[in-house]
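The next block holds one structure in the form of structure tokens; read it before the comments.
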Amino acid sequence: MDTWRLVTTWNAQPAFNLGLDEALLESSGAPVTVRFYSWKPGAISLGYFQRLADVPAALDARAVVRRFTGGGAIHHQRELTFSIAAELEHPLYRGPIAESYARVHAAVARALATFGVTAELRGERTLASEREGTGMCFHKSSPLDLVWNERKGVGSAQRRSRGRVLHHGSIKLGTTPLEGDIATLEHVARGLEPESFAPALREAFEAQFGVRLAADVPDALERGRAKELALRFASEEFLRRR
Amino acid sequence: MRPNDRKYAQSHEWVKIDGDVAIIGITDFAVQELSNGNESDLVYCDLPDAGRVLAAGETFGEIESVKAVSDLYAPIAGEVLEINAAIEDHLEILSKDPWGAGWIIKIKPDSKKLDGLMDAAEYEKFVASKKH
Numbered sequence: 023m024d025t026w027r028l029v030t031t032w033n034a035q036p037a038f039n040l041g042l043d044e045a046l047l048e049s050s051g052a053p054v055t056v057r058f059y060s061w062k063p064g065a066i067s068l069g070y071f072q073r074l075a076d077v078p079a080a081l082d083a084r085a086v087v088r089r090f091t092g093g094g095a096i097h098h099q100r101e102l103t104f105s106i107a108a109e110l111e112h113p114l115y116r117g118p119i120a121e122s123y124a125r126v127h128a129a130v131a132r133a134l135a136t137f138g139v140t141a142e143l144r145g146e147r148t149l150a151s152e153r154e155g156t157g158m159c160f161h162k163s164s165p166l167d168l169v170w171n172e173r174k175g176v177g178s179a180q181r182r183s184r185g186r187v188l189h190h191g192s193i194k195l196g197t198t199p200l201e202g203d204i205a206t207l208e209h210v211a212r213g214l215e216p217e218s219f220a221p222a223l224r225e226a227f228e229a230q231f232g233v234r235l236a237a238d239v240p241d242a243l244e245r246g247r248a249k250e251l252a253l254r255f256a257s258e259e260f261l262r263r264r
Numbered sequence: 115m116r117p118n119d120r121k122y123a124q125s126h127e128w129v130k131i132d133g134d135v136a137i138i139g140i141t142d143f144a145v146q147e148l149s150n151g152n153e154s155d156l157v158y159c160d161l162p163d164a165g166r167v168l169a170a171g172e173t174f175g176e177i178e179s180v181k182a183v184s185d186l187y188a189p190i191a192g193e194v195l196e197i198n199a200a201i202e203d204h205l206e207i208l209s210k211d212p213w214g215a216g217w218i219i220k221i222k223p224d225s226k227k228l229d230g231l232m233d234a235a236e237y238e239k240f241v242a243s244k245k246h
């Protein structure tokens, strides 16, 4: 049975969160690395290509960063954020992007099922969580998104670079004012904290992927690189690049 | 069969020499992997400025499909002469015609030798090995 690393960083700063994820994406030769994390402050992150002006909620927000993954903006509150970094040729990511999403989402759906939530890929249905003009990830969807209660409940994106892939996912445990009427776990587990959802997600990943997740920390090189990259994610120049 | 008048990189870019210019694009396989067969799934791209000097293997741009941002790599070294501005707002051109109208950049190559890249038959085998 393969062992993957599990790096857990609760209540971490926004720029650090993105810096560490990109450092793990760059970390060629490292074992598959899963991260579970949360944000303090609960920042808004823009998609890599989004224009700041296209996300009205970000214009007067206190904490805003730009991700290196694409898609729409996310308000990182009341959620468990996860990432998985691995080689492009790893069975998790090999082949069409859509299939890699299906593999990751099967594991996330398995964790949600332990809370009595039946999450499915959106497919061709229309969601009640769709909104125009907000630029928010949860207000727009694709057939690959995980949904329940006819609303989007998991935001996700990938970055593919130098033969490696990082998959980002935001699992909404409760609603935020900026995201409103989306799918969460509030109706089955009121006030659920990311730390309390993490064990179910860990077990689901282990069962779905047939691996063991071993709690670990990034190595010295990864930590150093994460600090360097965090400076870019904290910079106004990077935030305002579009 | 893919065009025989150009060479292919493992990262799924193609390069075609046309006089003193090298034209670079991405293959139908790359487009299919990015867009899952749905041309509207390609949403953004960032391309380099003319005048930028690229090393072989260097990232020259980025492309976003609905679910992933991916790098574009220069298959050979050279200086960027021109970008295909038409595709920036119409990425569906990459799906419709990856070998012609869907070219991405033109460069002045350091060398017209395309050593280390694959011909169409080799690329065909390479792609077949990527499928399940």
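So the protein sequences, as listed, match chains E and B.
Taking this note's numbering, the leading residue of the first sequence gets 23, the next gets one more, and so forth.
Taking this note's numbering, the leading residue of the second sequence gets 115, the next gets one more, and so forth.
Virtual Cβ for every residue (Gly too), placed ideally from N, Cα, C.
These numbers come from a predicted model, not from an experiment.
Of all residues in the region 189–216 of chain B, none places a beta-carbon less than 9 Å from a beta-carbon of chain E.
Annotated three-state conformation of Arg182/E is strand, per DSSP. If you draw a 10 Å sphere on the C-beta of His127/E, you find 16 or more other C-beta atoms in it, and that means buried. Ser164/E and His190/E have their C-alpha atoms roughly 15 Å apart.
For Glu109/E, the pairing in a beta bridge is given by DSSP as Arg186/E. Taking 8 Å as the cut-off, the Cβ atoms of Asp163/B and Ala191/B do not count as close. As the crow flies, the alpha-carbon of Lys181/B is around 8 Å from that of Ser178/E. The region 218–238 of chain B makes contact with the region 171–188 of chain B: 3 or more CB pairs, one atom from each, lie closer than 8 Å. With distances taken between CA atoms, Phe58/E lies nearest to Thr30/E out of Thr30/E, Ala45/E, Val233/E, Leu40/E.
Using a Cβ-Cβ cut-off of 8 Å, Ile204/E does not count as an interface residue toward chain B, since no Cβ of chain B sits closer than that to its own.
Taking each of Tyr122/B, Asn150/B, Asp132/B, Ala123/B in turn and checking the Cα distance to Ser122/E, the smallest one comes out for Asn150/B. With three or more CB-CB distances shorter than 8 Å, the region 152–168 of chain E counts as touching the region 81–101 of chain E. Taking CB atoms only, Leu148/B has a neighbour in chain E less than 8 Å away. In the structure shown, Glu127/B adopts extended strand secondary structure according to DSSP, grouped into three states.
Sixteen is the threshold: since fewer than 16 other Cβ atoms of the shown chains lie within 10 Å of the Cβ of Asn118/B, the residue is exposed. Sequence-ordered contacts of the region 57–81 of chain E with chain B read Tyr70, Phe71 [C-beta pairs closer than 7 Å].
The criterion of a C-beta distance shorter than 8 Å is not satisfied by Leu102/E and Ala108/E. Per DSSP, the unbroken beta strand (DSSP E) holding Leu235/E starts and ends at 233–237.
Counting other Cβ atoms within 10 Å of its Cβ, Val210/E stays below 16 and is therefore classed as exposed.
Take Ile106/E, set aside five residues on each side of it, and the residues of its chain with a beta-carbon closer than 6 Å to its own are Val56, His189, in chain order. It is roughly 6 Å from the alpha-carbon of Ala236/E to the alpha-carbon of Trp26/E. Of all residues in the region 95–120 of chain E, the ones placed with a Cβ closer than 7 Å to any Cβ belonging to chain B are Gly117, Pro118, Ile119, Ala120, in chain order. CA-CA distance, Asp82/E to Met115/B, rounds to 53 Å. With respect to Lys194/E, Arg89/E sits apart: the two C-beta atoms are not nearer than 8 Å. The C-beta of Lys210/B has fewer than 16 other C-beta atoms within 10 Å across all chains shown, which makes the residue exposed.
Minimum Cα-Cα distance from Asp142/B among the listed residues Val194/B, Ile197/B, Trp217/B, Lys227/B corresponds to Trp217/B. For Lys194/E, the three-state secondary structure derived from DSSP is strand.
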